[in-house]
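>
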Amino acid sequence: MAAKPTRTTKKAASASTTHLADSHDLIRVLGARENNLKDVSIEIPKRRLTVFTGVSGSGKSSLVFDTIAADSQRLINETYSAFVQGFMPNLARPDVDVLDGLTTAIVVGQDRIGSNPRSTVGTVTDALAMLRLLYSRLAKPYIGGPTAFSFNVPTRTASGIMTSDKGGGEKRVARNVVYQGGMCARCEGFGSTNDFDLTALYDDSKSLNEGALTIPGYSMEGWYGRIYRGAGYFDPDKPIRKYNKRELHDLLYKEATKIKVEGTNLTYLGLIPQIQKSYLSKDKEAMQPHIRAFVDRAVTFQTCPDCDGTRLNEAARGSKVKGKSIADLCSMQISDLAAWVGALKQPSMAPLIGALGANLDSFVELGLGYLSLERPSGTLSGGEAQRIKLLRHLGSSLTDVTYVFDEPTTGLHPHDVQQMNDLLIRLRDKGNTVLVVEHEPETIEIADHIVDLGPGAGTAGGEVVFEGTVDKLRTSGTITGRHLDDRAGLKESLRTSTGALEIRGADAHNLRNVDVDVPLGVLVVVTGVAGSGKSSLIHGSLGKLDDVVTVDQGAIKGSRRSNPATYTGLLDPIRKAFAKENGVKPALFSANSEGACPTCNGAGVIYTELGFMETVSTTCEDCGGKRFDASVLEYKLGGKDISEVLAMSVNDAEEFFASGPAKTPAAHAILARLVDVGLGYLGIGQPLTTLSGGERQRLKLAVNMAEKGGVYILDEPTTGLHLADVEHLLALLDRLVDSGKSVIVIEHHQSVMAHADWIIDLGPGAGHDGGTVVFEGTPAELVAARSKTVTGEHLAEYVGG
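Just so you know, we're using full-length UniProt numbering here: the sequence shown kicks off at 1 and counts up by one.
1) For Val401, which residues of its own chain have a beta-carbon under 8 Å away from its beta-carbon, when the five flanking residues on both sides are left out?
2) Could you check which residue in Gly533, Ile227 and Tyr135 has the C-alpha nearest to that of Pro764?
3) Would DSSP call His413 helix, strand or coil?
4) State the start and end residues of the unbroken beta strand (DSSP E) segment that holds Glu43.
5) Of the residues Lys322, Asp296, His413 and His539, which one's Cα is nearest the Cα of Leu134?
6) Over what stretch of residues does the alpha helix (DSSP H) that includes His539 continue unbroken?
7) How big is the Cα-Cα spacing for Gln276 and Leu252?
8) Which same chain residues end up closer than 7 Å to Val584 when comparing Cβ atoms and leaving out the 5 residues on each side of it in sequence?
9) If you measure from the beta carbon of Lys389 to each beta carbon in chain D, is any gap under 8 Å?
10) Around the Cβ of Tyr202, are there at least 16 other Cβ atoms within 10 angstroms (buried) or fewer (exposed)?
11) Give me the Cβ distance between Val121 and Ser372, rounded to the nearest whole Å; I'm assuming they're in contact under 8 Å.
12) Keeping to the same chain, check which residues put their C-beta closer than 7 Å to that of Arg375; ignore five residues upstream and five downstream.
13) Can you grab the Cα-Cα spacing for the pair Ala796 / Gly770, in whole Å?
14) Would you identify the three-state DSSP class for Leu732, choosing helix, strand or coil?
15) First and last residue of the beta strand (DSSP E) that includes Lys260?
16) Who are the Cβ neighbours of Pro216 in its own chain at under 7 Å, not counting the five residues just before and after it?
17) In this structure, does DSSP put His668 in helix, strand or coil?
18) Quick check on DSSP: helix, strand or coil for Phe589?
19) Between Asp204 and Ile259, how many whole angstroms is the CB-CB distance? I'm expecting something under 8 Å.
20) Check whether the Cβ atoms of Tyr607 and Leu688 lie closer than 8 Å to each other.
21) May I ask which residues mark the beginning and end of the beta strand (DSSP E) holding Phe775?
22) Quick one: Cα of Asp738 to Cα of Glu707, how far?
23) Return the bridge partner residues of Thr689 from the DSSP annotation.
24) Does the Cβ-Cβ distance between Phe149 and Ala298 come in under 8 Å?
25) Would you call His24 buried or exposed, if buried means 16 or more other Cβ atoms sit within 10 Å of its Cβ?
26) So Val417 and Phe52 are supposed to be a Cβ contact under 8 Å. How far apart are they, rounded?
27) Would you tell me roughly how many angstroms separate the C-alpha atoms of Gly86 and Leu545, rounded to the nearest one?
28) Can the beta-carbon of Leu721 be found less than 8 Å from the beta-carbon of Asp486?
29) By the DSSP assignment, the alpha helix (DSSP H) with Pro376 in it spans what residues?
30) On the three-state DSSP scale, how would you describe Ser493?
31) Could you name the residues of the same chain whose beta carbon sits closer than 7 Å to that of Leu732, not counting the 5 residues immediately before and after it, in chain order?
32) Assess, as a yes-or-no matter, whether the region 135–145 is touched by the region 62–77 under the definition of 3 or more beta carbon pairs within less than 8 Å.
33) Can you give me the Cβ contacts of Thr257 inside the same chain, cut-off strictly under 6 Å, excluding the 5 residues immediately before and after it?
34) Please report the straight-line C-alpha distance between Glu781 and Gly531, rounded to a whole angstrom.
35) Report the three-state DSSP secondary structure of Pro564 (helix, strand or coil).
36) Can you find the residues in the same chain that come closer than 7 Å, C-beta to C-beta, to Val726, ignoring five residues on each side of it along the sequence?
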């Protein structure tokens, strides 16, 4: 006979029920170990705004993106059939013991939108698709469906057999069907044509075998060189200037042709179409620096004379609504376009006009009304790209979704931060869980819940050091808590300029014939709301000068084999030092070359593809994950093998190469720059794919500091920096100026403004409401004139003026 439940048993059952109810309101993470996370266990409240803080590299992204958001996406993918999953990316389960209470995660990250020159603001949002549909219904003369207004669709004729039956029996009739697209035939929808400087492609006094081709990656030892040398269309030992017309045409323009070289079936393509395919079909901003330099040197771009840069053919340009072509609308500032659409009165099109109007109003609401739909997407900053991704979610009826944001205030003027905060709160109040990785105090302060990671970065981080409210964070003693209310004061002693760079008549984009002198020998900060013309003025007018070094926001390209040592060039002097010490070739000390473990090809792991299931990676048994052949590890430098050196942190490596038997000045100089930008904790062999956005930005800065130039232009260097790290950045900027450099910083962070010797403020608004210099002077003078500019008001509030 069963015993009656005791009071203790009832209490336990009640507690279990309560916990079950509570679990519906929590996301539970137990034992998270992605990247540097150290068995992190945490409970995050649902339908609340939670902000994740901590120094750059503390593990915020590893917890939020690589664990919570990644597993949500993986679980969603697993709901599809095995057949469908075969066409989807394989997502590995994060290294975590338990993840409970997940809902659908929508990630709104900072990665840039597309690298395709055919991609524009209009094509990456719904706006242009709706506009094309509107024109296909209302525009006169009628020219066809929505594709007739698309610059990515050519007009083409297709032959086919059609059947008809008009009562006299079935007949099969040959027909030519015209598919109407809007692409300009001259420029193929790019809006520009290009012309090649042949002297930049080859040295015509040399033969192919003598290395005539001067295109990056076209050496005679590589595949391209072997294809051209072995194609059989010309003598590889004959100087190019002695080619006849046919030979020169085949070298430069020959269309795709199947050939066999060295027993392998390949496709031959002339140099110019090959360059167009390899380089010009990609966004220029996404190119490697040496490729971009080659394109700048070899190719001249000019506005297409047929379509005047609109990308559209004559039929698409001639079909209009209320006197405006679709090209006219795409060139408008979006705030103006929203007003134009709002004035349309077509009852039959009311749902479409309403949806398009709401979409365009969202641009304005997000502070992006200064853009145009024709703006190439590759030119958008990380902050602009992130806000554009947010567009489609503003009007969504979905609730109980987890929205994940990566520093949504990036690229925002203090004036616009409040607007972004309001949007985050709106998403939460609709019943969604909002998770935000952020450094901005104004956004941290609106959080319902704070999760602070640390205590340091890299191996010194990866722990939850605080959970709770903002008020409790202030008294927590963590780095974030101690610095949350930091305010930089105006600098007491200002430097005197040693000259000036004159900008005259600058009129790129929205600039209105701007004349301004940029002081030299001092720290100049260029301010203004997003879209006011800062980048157009500085990059457009000064970026191409010979003595200028530019550190922009372009993404770092790198595979899982890339690391700080390869990216910075540090590995070269290290390899040479090992080779000299041991009397062998430097190539032995590269895991991507002769020294690679033959079993894993230098990857350190073996990847096993399992179709639609996640790819399994296992440590290579032969090299134990060290990536090098065992024979290579017998060679030592300062008592360490190459794998042990690559496992060092930047700080340890700097000390290792500074003196003693491993002393290598070239390596030490690079490591010193990495320490200078606050990356001493990074592993020099750590994959670039594990670095945060702030770490990548500072890595670029360290590389560019090595370039010889008197003027440095930095584009929002505080991106991804913790409040505590901003102090280190200011010290670094001071060191650069004090060493004789001129430093120009495009920045929104008030502490950088306060630290400036000179401020140039653009505005007063964005787009056609900006483009003028509204202030020039010292930070103190800007605070004194606070009522005249938006920047002045916010700086005065920040410094307590």
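For every residue, glycine included, the Cβ atom is placed at its ideal position computed from N, Cα and C.
On the basis of the coordinates in this document:
1) As a working note, residue 401 is residue 401 in the sequence shown. Result list for Val401: Thr103, Thr104, Ala105, Ile106, Asn432 and Thr433, in chain order.
2) Translated into positions along the sequence shown, residue 764 becomes position 764. Here the closest residue by C-alpha is Gly533.
3) Locating residue 413 in the sequence shown gives position 413, where the first residue counts as 1. Here His413 sits in coil by DSSP.
4) Counted from its first residue, the sequence shown places residue 43 at position 43. Start and end: Val40 to Pro45.
5) Here residue 134 is taken as the residue at index 134 of the sequence shown, counted from 1. For Leu134, the nearest C-alpha among the options comes from Lys322.
6) Along the sequence shown, read from residue 1 onward, the residue named residue 539 stands at position 539. Residues Lys534 to Leu542.
7) Within the sequence shown, the letter at position 276 stands for residue 276. Within the sequence shown, the letter at position 252 stands for residue 252. CA-CA distance, Gln276 to Leu252, rounds to 12 Å.
8) The residue given as residue 584 occupies position 584 in the sequence shown. Excluding positions up to five away in sequence, the list reads Tyr635.
9) Here chain D cannot be found, since the structure has a single protein chain.
10) Locating residue 202 in the sequence shown gives position 202, counting from the first residue. Its Cβ being crowded by 16 or more others within 10 Å, Tyr202 is buried.
11) The sequence position of residue 121 within the sequence shown is 121, counting from 1. The sequence position of residue 372 within the sequence shown is 372, counting from 1. Rounded, the Cβ-Cβ distance is 7 Å, consistent with contact.
12) Mapped onto the sequence shown, residue 375 falls at position 375. Thr120 and Val121.
13) The residue labelled residue 796 in the question sits at position 796 within the sequence shown. The residue labelled residue 770 in the question sits at position 770 within the sequence shown. The alpha-carbon atoms of Ala796 and Gly770 are separated by roughly 21 Å.
14) If you number the sequence shown from 1, residue 732 lands on position 732. Helix, per DSSP.
15) The residue you call residue 260 lines up with position 260 of the sequence shown. First-last of the beta strand (DSSP E) with Lys260: Thr257 to Val261.
16) Position 216 of the sequence shown, counted from the start, is the residue given in the question as residue 216. Excluding residues within five positions, the ones whose Cβ falls inside 7 Å are His290, Ile291 and Phe294.
17) In the sequence shown, residue 668 corresponds to position 668, counting from 1. Reduced to three states, the DSSP call for His668 is helix.
18) For this step, residue 589 is matched to residue 589 along the sequence shown. Phe589 sits in a helix when the DSSP states are folded into three classes.
19) Against the sequence shown, residue 204 aligns to sequence position 204. Against the sequence shown, residue 259 aligns to sequence position 259. In fact, because the Cβ distance is near 23 Å, the residues do not count as touching under 8 Å.
20) In the sequence shown, the residue the question calls residue 607 occupies position 607. In the sequence shown, the residue the question calls residue 688 occupies position 688. Inclusion of Tyr607 and Leu688 in the CB contact set at 8 Å is not warranted, their separation being larger than that value.
21) Your numbering for residue 775 matches position 775 in the sequence shown. Thr772 to Gly777 is the extent of the beta strand (DSSP E) around Phe775.
22) Within the sequence shown, residue 738 is the residue found at index 738, counting from 1. Within the sequence shown, residue 707 is the residue found at index 707, counting from 1. C-alpha separation (whole angstroms): 17 Å.
23) Locating residue 689 in the sequence shown gives position 689, counting from the first residue. DSSP lists no partner for Thr689.
24) The count along the sequence shown starts at 1 and reaches residue 149 at position 149. The count along the sequence shown starts at 1 and reaches residue 298 at position 298. It is not a contact, given that the beta carbons lie outside the stated cut-off.
25) Here residue 24 refers to the residue found at position 24 when the sequence shown is read from its first residue. So His24 ends up on the exposed side.
26) Stepping through the sequence shown from its first residue, residue 417 is reached at position 417. Stepping through the sequence shown from its first residue, residue 52 is reached at position 52. Incorrect: roughly 18 Å between the Cβ atoms, too far for contact.
27) For the purposes of this step, residue 86 is taken as the residue at position 86 of the sequence shown. For the purposes of this step, residue 545 is taken as the residue at position 545 of the sequence shown. The alpha-carbon atoms of Gly86 and Leu545 are separated by roughly 50 Å.
28) The count along the sequence shown starts at 1 and reaches residue 721 at position 721. The count along the sequence shown starts at 1 and reaches residue 486 at position 486. In this structure, Leu721 sits away from Asp486, with a CB-CB distance that is not shorter than 8 Å.
29) As a position in the sequence shown, residue 376 is number 376, starting the count at 1. No alpha helix (DSSP H) contains Pro376, which DSSP labels as neither H nor E.
30) Indexing the sequence shown from 1 puts residue 493 at position 493. Residue state, collapsed to three classes: coil.
31) The residue you call residue 732 lines up with position 732 of the sequence shown. If we look at Leu732 and ignore the five residues flanking it on each side, its Cβ neighbours are Asp676 and Val677.
32) no
33) Translated into positions along the sequence shown, residue 257 becomes position 257. Within the same chain, Thr257 has close Cβ partners Tyr268.
34) The residue given as residue 781 occupies position 781 in the sequence shown. The residue given as residue 531 occupies position 531 in the sequence shown. Answer to the nearest angstrom: the Cα atoms are 24 Å apart.
35) In the sequence shown, residue 564 corresponds to position 564, counting from 1. The answer is helix: DSSP assigns Pro564 an H, G or I state.
36) If you number the sequence shown from 1, residue 726 lands on position 726. These residues qualify, in order along the chain: Thr718, His749 and Ser751.
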